[in-house]
Amino acid sequence: MSNAVITKLDTYHFQVEGELNLTTAPDLLQAMLSQFPSVGSEVQIDLEGVTRSDSAGLALLVEWLRLAEKQGITLQFHNLPSQLREIAQVSDLLPLLPLA
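Here the working numbering is used: the sequence shown runs in plain steps of one and ends on residue 1034.
See the structure below:
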């Protein structure tokens, strides 16, 4: 069984730990949406604690990005794991991800 959690470090900083996959993505999507701060904010998500990911994990990041932009929130990802980076590069999505 795979697990993943989002920890709110402060109003604008979050940390993701665990696996980003088809099993965890739906819950992580909802968890993050419920924690997005107000419009016009800049949010940083640290992915250093991600232990494994697949294409559903990449889709999750893209969806967070889409929904954040819709709310006027600037999103930035920190410490993108190499596995996610490779999937994003192969899918031609790496240039779309706002990486720190």
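The beta carbon of each residue, even a glycine, is placed where N, CA and C say it ideally should be.
Keep in mind the model is a prediction, meaning the values are calculated, not measured.
Can you give me the Cβ contacts of residue i inside the same chain, cut-off strictly under 7 Å, excluding the 5 residues immediately before and after it?
i	result
residue 943	949
residue 975	946 and 1007
Locate the alpha helix (DSSP H) running through residue i, then write down its first and last residues.
i	result
residue 1010	No alpha helix (DSSP H) holds residue 1010; the beta strand (DSSP E) holding it covers 1008-1012.
residue 1022	1016-1024
Can you give me the Cβ contacts of residue i inside the same chain, cut-off strictly under 6 Å, excluding the 5 residues immediately before and after it?
i	result
residue 1017	987
residue 996	none
residue 1034	1010 and 1012
Quick check: what's the CA-CA separation for residue i versus residue j?
i	j	result
residue 1028	residue 966	21 Å
residue 963	residue 939	11 Å
residue 1020	residue 961	24 Å
residue 991	residue 941	17 Å
residue 1026	residue 994	16 Å
residue 1022	residue 956	16 Å
If you drop the 5 nearest sequence neighbours on each side, which residues of the same chain put their C-beta closer than 8 Å to that of residue i?
i	result
residue 937	952, 953 and 958
residue 977	946, 947, 948, 970, 971, 1002, 1007, 1008, 1009 and 1010
When the distance is taken between beta carbons, is residue j closer than 8 Å to residue i?
i	j	result
residue 947	residue 981	no
residue 1032	residue 984	no
Quick check: is the beta carbon of residue i nearer than 8 Å to any beta carbon in chain B?
i	result
residue 982	The structure shown contains no chain B; it is built from a single protein chain.
Exercise for review: Ignoring anything shorter than 3 residues or poking outside the segment 966-997, list the beta strand (DSSP E) runs there in chain order.
Suggested key: 976-987
Exercise for review: Taking only runs that begin and end inside the segment 935-968, name each unbroken alpha helix (DSSP H) of 4 or more residues, in chain order.
Suggested key: 959-967
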